[in-house]
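Asker: The structure that follows is given in the form of structure tokens.
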Amino acid sequence: MSKRNQALVICGGLGIGLLVSAVTLMFVGISAPDLLNEFIFSIFTSSRSINAVLALAAPLTIVGLSAAIGFKARFWNIGIEGQVIFGAIGATLIATYDVGPEQFRIYLMASMAMLFGMAWMILPLFLSVKLRVNEIISTLLLNYVAFNFLLHLLYGPWKDPETFFPNSKIYEKSERLNNVMGLEINVSVVIALVFVVLMTWLLSLSRFGYILKFVYANSNMAKSIGINVVLMVSIAALISGALSGLAGFTISAGIDSRLTQGFFIGYGFLGILIGFLARNNPILVVIFALMMAILMVAGQSLQVFYQIPFAMIQLIQAIIVICVAASEFFIQHRINIIK
Amino acid sequence: MTITNTYNRDLPATDNVAGTVLSLKNIVKTFGKFVALDNVSFDLKHGEVHALLGENGAGKSTLMNVVCGLYTADSGTILHYDKPILIKSPNDAHNLGVGMVHQHYKLVKPFTALENIQLENGTGPYKASLDRLNAKAVEVSERIGFTVGLHTPVGQLSISEQQRVEILKVLTADAKIIILDEPTAVLTDSESDNLFTAMRSLAASGCSVVFVTHKLREALTFADRITVMRNGITVDTVLPKNMDANVLANLIVGESVVESPKRSKVVTTPKIMIDRLSMADINGVQVISDLSFNVSSGEIYGIAGVGGNGQNELVSILSGLLRADVGTIELDGYGNIEAAKPIELRNYGVACIHSDRASHGLANDLNVDENFAISGVLAGEFGKLVVQRRRARAAAAQAIQDFDVRGVRSQGQKAGLLSGGNAQKLVIAREFSRLPKIVVAHSPCRGLDVRASSAVHEHLLAARDRGGAVILISEDLDEVMLMSDRIGVMSRGSIIAEFEVPADRNKIGKAMAGNA
Chain A
0 MSKRNQALVI CGGLGIGLLV SAVTLMFVGI SAPDLLNEFI FSIFTSSRSI
50 NAVLALAAPL TIVGLSAAIG FKARFWNIGI EGQVIFGAIG ATLIATYDVG
100 PEQFRIYLMA SMAMLFGMAW MILPLFLSVK LRVNEIISTL LLNYVAFNFL
150 LHLLYGPWKD PETFFPNSKI YEKSERLNNV MGLEINVSVV IALVFVVLMT
200 WLLSLSRFGY ILKFVYANSN MAKSIGINVV LMVSIAALIS GALSGLAGFT
250 ISAGIDSRLT QGFFIGYGFL GILIGFLARN NPILVVIFAL MMAILMVAGQ
300 SLQVFYQIPF AMIQLIQAII VICVAASEFF IQHRINIIK
Chain B
0 MTITNTYNRD LPATDNVAGT VLSLKNIVKT FGKFVALDNV SFDLKHGEVH
50 ALLGENGAGK STLMNVVCGL YTADSGTILH YDKPILIKSP NDAHNLGVGM
100 VHQHYKLVKP FTALENIQLE NGTGPYKASL DRLNAKAVEV SERIGFTVGL
150 HTPVGQLSIS EQQRVEILKV LTADAKIIIL DEPTAVLTDS ESDNLFTAMR
200 SLAASGCSVV FVTHKLREAL TFADRITVMR NGITVDTVLP KNMDANVLAN
250 LIVGESVVES PKRSKVVTTP KIMIDRLSMA DINGVQVISD LSFNVSSGEI
300 YGIAGVGGNG QNELVSILSG LLRADVGTIE LDGYGNIEAA KPIELRNYGV
350 ACIHSDRASH GLANDLNVDE NFAISGVLAG EFGKLVVQRR RARAAAAQAI
400 QDFDVRGVRS QGQKAGLLSG GNAQKLVIAR EFSRLPKIVV AHSPCRGLDV
450 RASSAVHEHL LAARDRGGAV ILISEDLDEV MLMSDRIGVM SRGSIIAEFE
500 VPADRNKIGK AMAGNA
């Protein structure tokens, strides 16, 4: 099947998913014009909504890339949330203790976030490579460890010294990701796009990506032909961890301006979802991240104005995933109707 | 379509050959535009062992899949005891008493042999059914002289035992028509002989056996009748006693392919010296013990031996995938390379053709050109920062032409869609484009037909004549005898005897068997 037809089939699946979702929402009492209004007009006509969507889409893109590069190496990183938490902890460490000169602080925060996210990956990577402990289990369980460590920090040493709420003290202006000069677009969007370009090069154009394909397709053959499979998987997993850490930084410095208790919730699942829907293609990651961001932002206003439970939003996500996943069947198989 | 009928002779009226059990007439099967079976006719008599012979891709397996209900024919008639029938599903075939043992076994590895039989043939309450099948399996295996550990998990059984489990599955279902697809592809000579003896006794008890093969010797030795297929048509049905191998080979390929030995002209200095290599596996069993041999430039060193005597481990050590516990491998100009990694060995000019193409030779899900170009990409030949895909593709296209890899319909075609012979040619194209100084080839012609085998042999000879040192490890003694300039016999992890060519086949056979 040609690339174009494949794209058409997936778009078809997506269309059906959106249609079913719309019908479902109409069943719970939202009229079609309202739906159109919430999902299309109010999103694209108000600059505040666009800004909200983009600010959300940026970390979603980055976690999507994180999932994608892991999957490309058959390293199933289910620990995105843990790495997001540690990334944000790394960034907050710099912000809280005012490390480094002020004009470089934000860069230092970003680098530290990536380093911490990567560091949180080392243990499951080691276990997987050396002891063959399944990384799905180890990365998943480390999410809970990371979460409890976050709570320890927020209820302990990093508790807000002014309000005594369990969140870090608010970042100073120089420690936040602000809007790009003269535009109402957050810098995190630029960061996300830079990494999309980098990952496109790494996965689709570079030698690394070419070789990684063989690691994915047949690791025995890859070893036989002289590829250092362990090294390739390790690099991919560490990049995946670093990207998740970076996403943690863009959430805390771009949206919340502080470290909170629940800032990471949903990013792990959504990252995997976006990586899967995009079939590990960095460009498609952007598109699906945008779609998910629109869904989340519109979902919030549905919650507020129509009393729709959040579960409905999750239901819609699930419907879309199932429809796109099912369309895969039509790419792999050709159907002949025999009378 | 022409069916030559030169060799058709009447069957002798032996007492156990009664009527025709199954008769296929004018079967047509197409896949898209590809005609796999073109008006094929085939009949099977009561109590006979019938060989279905032909090259890879001749349509043998397709025809048998039609009989066992996996494929439905586009047109044609199937007669069962002269009664027209429809076989629409494997269930229909099962009810007619047709049982097929596929080339790739369909067994659940963690289950015991008996549980696998239960899975296929179980009826009624679990325990009662298990007991009944156990009794039956024991009875059947005694009758035909099989030994199978019925209560051992299938994953722990050897390949030939797994095959027996498959056959028991068919027999406990009271199959009267037994089809074996390439049954000896993974068996040693003596295992094959045992299998065919069992098949003969089945035939004597009233079953009809069809075995699909591309080996002339088997068909000539063990079959009552031979049907030859070529390019989706049945060329002829002949009696083995009236045939000689050359005529039969002609029928199969349509032209004569008889290889003759081509000895090396210049054997020079030793290129690779393997000295007292030993290795134990995880269970502490010495799989390689005290193994030594040398190979010189311009020489093919053939290693004969029954499979499972350390050949796989030797190849893994020579390709850098495993390390020996003791011993050295001296490579001319590089010193001891025993600890070298696969990529280093590659750079030293060692090329390895593994016996298992699907797992070690190619990435089946990737394109043909990617499978070729990966070697160059690894070496950085197609750009350092960005892979120049157009150049990589052009190089692949050139190599595909040079090495006569056929069946590449488009640049983006997956390697898994190539036939066995062409897949092997692709591996050879990739490995030999680098003009290797050392070639390690492990059963490079396993599963290939006559023509593809001779092409592979040509490439090995060419590598030798360029001054390479070639190590050919094969369980096929004919192949070793044909190709080698010197022959070593491998048994229990070491080279126990060496022969200069021309060697006495019987002496080699004795060396192989005496220690096997």
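One line per chain: the protein sequences are A and B, in this order. At position 298 of the first sequence (counting the first as 1) the number is 297 in numbering that gives the first Met the number 0, and the numbers step up by one without a gap. At position 210 of the second sequence (counting the first as 1) the number is 209 in numbering that gives the first Met the number 0, and the numbers step up by one without a gap. Each residue gets a CB set at the ideal place from its N, CA and C atoms; glycine is no exception.
Is it a yes or a no for the segment 338–357 of chain B touching the segment 395–406 of chain B, going by three-plus beta-carbon pairs under 8 angstroms?
Answerer: The segment 338–357 of chain B vs the segment 395–406 of chain B: no contact.
Asker: So, at 6 angstroms on beta carbons, what are the nonlocal neighbours of Ala66(A) in its own chain, with the 5 sequence-adjacent residues on each side left out?
Answerer: Reading the first sequence from its first residue, position 67 is the one you call residue 66(A). The residues are Gly270, Ile271 and Gly274.
Asker: Assuming contact is defined by CB atoms lying nearer than 8 angstroms, are Ile427(B) and His458(B) in contact in what I supplied?
Answerer: As a position in the second sequence, residue 427(B) is number 428, starting the count at 1. As a position in the second sequence, residue 458(B) is number 459, starting the count at 1. The answer is yes: Cβ separation under 8 angstroms.
Asker: If we define contact as Cβ-Cβ less than 8 angstroms, is Gly360(B) a contact residue for chain A?
Answerer: As a working note, residue 360(B) is residue 361 in the second sequence. Yes, because at least one Cβ of chain A sits closer than 8 angstroms to the Cβ of Gly360(B).
Asker: Let's see if you can read the secondary structure: which residues bound the beta strand (DSSP E) around Asp243(B)?
Answerer: One-based indexing of the second sequence puts residue 243(B) at position 244. Per DSSP, Asp243(B) belongs to no beta strand (DSSP E) and is neither H nor E.
Asker: In terms of DSSP beta bridges, what is Leu43(B) paired with?
Answerer: Working through the second sequence from its first residue, we reach residue 43(B) at position 44. Note: Leu43(B) sits in a beta bridge opposite Leu21(B).
Asker: Quick check: what's the CA-CA separation for Asp9(B) versus Phe210(B)?
Answerer: As a working mapping, residue 9(B) is identified with position 10 in the second sequence. As a working mapping, residue 210(B) is identified with position 211 in the second sequence. For Asp9(B), the predicted structure reports a pLDDT of 38, less than 50, and the residue's modelled location is therefore unreliable. The matter cannot be settled from this model.
Asker: Using the Cα positions of Leu176(A) and Ala241(A), report the straight-line distance between them to the nearest angstrom.
Answerer: Within the first sequence, numbered from 1, the residue matching residue 176(A) stands at position 177. Within the first sequence, numbered from 1, the residue matching residue 241(A) stands at position 242. Taking the straight line joining both Cα atoms gives about 18 angstroms.
Asker: Rounded to whole angstroms, how far is the Cβ of Gly116(A) from the Cβ of Gly247(A), which I believe are closer than 8 angstroms?
Answerer: By 1-based counting over the first sequence, the position of residue 116(A) is 117. By 1-based counting over the first sequence, the position of residue 247(A) is 248. Right, the Cβ-Cβ distance comes to about 7 angstroms (below 8 angstroms), so this counts as a contact.
Asker: Please give me, in chain order, every unbroken run of the alpha helix (DSSP H) with length at least 4 that falls completely inside the segment 149–213 of chain B.
Answerer: Qualifying alpha helix (DSSP H) stretches, in chain order: 158–171 and 188–203.
Asker: With respect to the beta strand (DSSP E) encompassing Met422(A), which residues constitute its N-terminal and C-terminal limits?
Answerer: As shown, chain A starts at 0 and ends at 338. That puts residue 422(A) outside it, with no answer to give.
Asker: Among Ala21(A), Asn50(A), Ser1(A) and Ser326(A), which one has its Cα closest to the Cα of Asn36(A)?
Answerer: Counted from its first residue, the first sequence places residue 36(A) at position 37. Nearest option by C-alpha distance: Ala21(A).
Asker: Residues in its own chain within less than 6 angstroms of Asp448(B) by CB, not counting five upstream and five downstream?
Answerer: In the second sequence, counting from the first residue as 1, residue 448(B) sits at position 449. Only Glu54, Asn55 and His213 meet the Cβ criterion.
Asker: Using the Cα positions of Glu337(B) and Leu153(A), report the straight-line distance between them to the nearest angstrom.
Answerer: Position 338 of the second sequence, counted from the start, is the residue given in the question as residue 337(B). Position 154 of the first sequence, counted from the start, is the residue given in the question as residue 153(A). Between Glu337(B) and Leu153(A), the C-alpha separation is close to 55 angstroms.
Asker: Helix or strand or just coil, what does DSSP make of Pro89(B)?
Answerer: The residue you call residue 89(B) lines up with position 90 of the second sequence. Helix, per DSSP.
Asker: So that I know if they touch, is there some Cβ in chain A lying closer than 8 angstroms to that of Val385(B)?
Answerer: Mapped onto the second sequence, residue 385(B) falls at position 386. At least one chain A Cβ lies under 8 angstroms of Val385(B).
Asker: Count the other C-beta atoms from every protein chain shown that fall within 10 angstroms of the C-beta of Asp173(B), then say buried if there are 16 or more, exposed otherwise.
Answerer: What you label residue 173(B) is simply residue 174 of the second sequence in a count that begins at 1. Under this definition Asp173(B) is an exposed residue.
Asker: Looking only at DSSP bridge pairs, what is Cys351(B) linked to?
Answerer: Walking along the second sequence from the start, residue 351(B) turns up at place 352. Partner(s): Val439(B).
Asker: Quickly, what does DSSP pair Asn362(A) with across the bridge? List them, please.
Answerer: Outside the modelled stretch of chain A, which goes from 0 to 338, sits residue 362(A), for which no answer is possible.
Asker: At 3 residues or longer, and completely inside the segment 445–506 of chain B: list those beta strand (DSSP E) runs for me, N to C.
Answerer: Here the runs fully enclosed are 468–472, 485–490 and 493–499.
Asker: Tell me whether Thr259(A) sits in a helix, a strand or coil according to DSSP, three-state version.
Answerer: One-based indexing of the first sequence puts residue 259(A) at position 260. Three-state DSSP puts Thr259(A) in coil, outside helix and strand.
Asker: Let me know if Asp516(B) comes out buried or exposed under the rule of 16 or more other beta-carbons within 10 Å of its beta-carbon.
Answerer: Residue 516(B) lies beyond the residue range present for chain B, which begins at 0 and ends at 515; the question has no answer from this structure.
Asker: Between the segment 125–139 of chain B and the segment 155–175 of chain B, do three or more beta carbon pairs fall short of 8 angstroms?
Answerer: Contact between the segment 125–139 of chain B and the segment 155–175 of chain B is present, because at least three Cβ pairs lie under 8 angstroms.
Asker: Since Arg206(A) meets chain B, which of its residues come closer than 9 angstroms, beta carbon to beta carbon?
Answerer: The residue labelled residue 206(A) in the question sits at position 207 within the first sequence. Here the neighbours are Val376, Leu377, Gly379, Phe381, Gly382, Lys383, Leu384, Val385 and Val386.
Asker: Can we say the segment 54–66 of chain A touches the segment 187–196 of chain A, given the rule of at least three CB pairs closer than 8 angstroms?
Answerer: The segment 54–66 of chain A vs the segment 187–196 of chain A: in contact.
Asker: Find the residues of chain A that neighbour Arg345(B), judging by a C-beta separation of less than 7 angstroms, and give them in chain order.
Answerer: Counted from its first residue, the second sequence places residue 345(B) at position 346. Correct list: Gly225.
Asker: Roughly how many angstroms lie between the CA atoms of Ser88(B) and Val65(B), to the nearest whole one?
Answerer: Numbered from its first residue, the second sequence carries residue 88(B) at position 89. Numbered from its first residue, the second sequence carries residue 65(B) at position 66. Approximately 9 angstroms, taken between the alpha carbons.
Asker: Indicate the three-state DSSP secondary structure (helix, strand or coil) for Pro58(A) in the structure shown.
Answerer: Against the first sequence, residue 58(A) aligns to sequence position 59. Helix.
Asker: Rounded to whole angstroms, what is the Cα-Cα separation between Ile105(A) and Glu174(A)?
Answerer: Numbered from its first residue, the first sequence carries residue 105(A) at position 106. Numbered from its first residue, the first sequence carries residue 174(A) at position 175. Approximately 5 angstroms between the Cα atoms of the pair.
Asker: List, in order along the chain, the chain B residues whose C-beta lies closer than 7 angstroms to that of Ala216(A)?
Answerer: If you number the first sequence from 1, residue 216(A) lands on position 217. Neighbours of Ala216(A) on chain B, chain order: Ala362, Asp364 and Leu365.
Asker: Can you tell me the Cβ-Cβ gap for Leu194(B) and Leu149(B), rounded? I've got them flagged as a contact below 8 angstroms.
Answerer: Translated into positions along the second sequence, residue 194(B) becomes position 195. Translated into positions along the second sequence, residue 149(B) becomes position 150. At roughly 18 angstroms, the Cβ-Cβ gap does not stay under 8 angstroms, so Leu194(B) and Leu149(B) are not in contact.
Asker: In its own chain, which residues sit with a C-beta less than 6 angstroms from the C-beta of Ser46(A), not counting the 5 before and 5 after it?
Answerer: In the first sequence, the residue the question calls residue 46(A) occupies position 47. Glu183.
Asker: On the criterion of 16 or more Cβ atoms from any shown chain inside 10 Å, does Val488(B) qualify as buried, or is it exposed?
Answerer: As a first step, residue 488(B) must be located in the second sequence, where it is residue number 489. It counts as buried.
Asker: Could you tell me the distance, in whole angstroms, from the CA atom of Ala515(B) to the CA atom of His353(B)?
Answerer: Along the second sequence, read from residue 1 onward, the residue named residue 515(B) stands at position 516. Along the second sequence, read from residue 1 onward, the residue named residue 353(B) stands at position 354. Here Ala515(B) scores only 42 on pLDDT, less than 50, and its place in the model is too uncertain to base an answer on.
Asker: Does the beta carbon of Leu313(B) come closer than 8 angstroms to any beta carbon on chain A?
Answerer: Stepping through the second sequence from its first residue, residue 313(B) is reached at position 314. False, the Cβ-Cβ gap to chain A never drops below 8 angstroms.
Asker: Is there at least one Cβ from chain B nearer than 8 angstroms to Met113(A)'s Cβ?
Answerer: As a working mapping, residue 113(A) is identified with position 114 in the first sequence. Chain B contact via Cβ: absent.
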